[in-house]
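Residues 757 to 890 in this note's numbering are what the sequence shown lists, from first letter to last.
A short worksheet on the structure shown next.
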Amino acid sequence: VSEQIDALEVMGVNPAAYLIMPKIIAMVFFNPLLITISMFLGILGGYFAAEFAGVLAPVDYLQGIQSSFNPFFITYALIKTVVFSFIIVTVSAYYGFYVKGGAIEVGINATKAVVSSSIAIIVANYILTQILLV
Numbered sequence: 757v758s759e760q761i762d763a764l765e766v767m768g769v770n771p772a773a774y775l776i777m778p779k780i781i782a783m784v785f786f787n788p789l790l791i792t793i794s795m796f797l798g799i800l801g802g803y804f805a806a807e808f809a810g811v812l813a814p815v816d817y818l819q820g821i822q823s824s825f826n827p828f829f830i831t832y833a834l835i836k837t838v839v840f841s842f843i844i845v846t847v848s849a850y851y852g853f854y855v856k857g858g859a860i861e862v863g864i865n866a867t868k869a870v871v872s873s874s875i876a877i878i879v880a881n882y883i884l885t886q887i888l889l890v
């Protein structure tokens with residue numbers, strides 16, 4: 757791995773603030789936007805699938821959505837999105853920031869980051885569900 761982090765330190769730049777903070781801000785702010793768009797497109801796709809397949813009348817689909825709609829579920833989804841985004845980016849940044857060695861170690865740390873963030877997301881999902889839904 758190149759000495760880019762050491763070069764930033766020599767220039768007097770805080771490498772964590774320069775390299776990691778923009779990723780955290782971008783992921784935490786834009787991932788909820790992407791989730792909101794995907795929720796809208798999922799509902800729209802369900803509408804078109806029900807209409808074109810002839811399985812359900814459009815009026816029945818819209819009535820079903822309105823009768824089962826709970827606004828808290830949107831809030832819950834956005835809270836989970838922010839928490840999961842933060843976990844993914846911080847765990848990945850940690851493993852990427854402290855990698856030592858060459859390309860093999862980068863691959864090993866990338867695998868560790870994926871496994872660690874997956875476990876952290878499962879634990880966070882359980883905790884958020886217990887706090888917010890139970």
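Beta carbons are placed, not taken as given, at the ideal position from N, Cα and C, and that holds for glycine.
- Counting of Cβ neighbours within 10 angstroms places Y774 among the exposed residues, the total staying below 16.
- With respect to the 9 Å criterion, A866 and V847 are not classified as neighbours on the basis of their beta carbons.
- Where A772 is concerned, the enclosing alpha helix (DSSP H) starts and stops at 771-775.
- Counted as a single uninterrupted DSSP element, the alpha helix (DSSP H) harbouring N865 occupies residues 859-888.
- Around the beta carbon of S874, fewer than 16 other beta carbons sit within 10 angstroms, so the residue counts as exposed.
- In its own chain, leaving out the 5 sequence neighbours on each side, no residue places its CB closer than 7 Å to the CB of V766.
- For I780, the CB contacts under 6 Å within the same chain, skipping 5 residues up- and downstream, are V845 in chain order.
- Fewer than three Cβ pairs drawn from the region 853-867 and the region 815-825 lie within less than 8 Å of each other, which leaves the two stretches out of contact.
- Rounded to whole angstroms, S794 and V890 show a C-alpha spacing of 26 Å.
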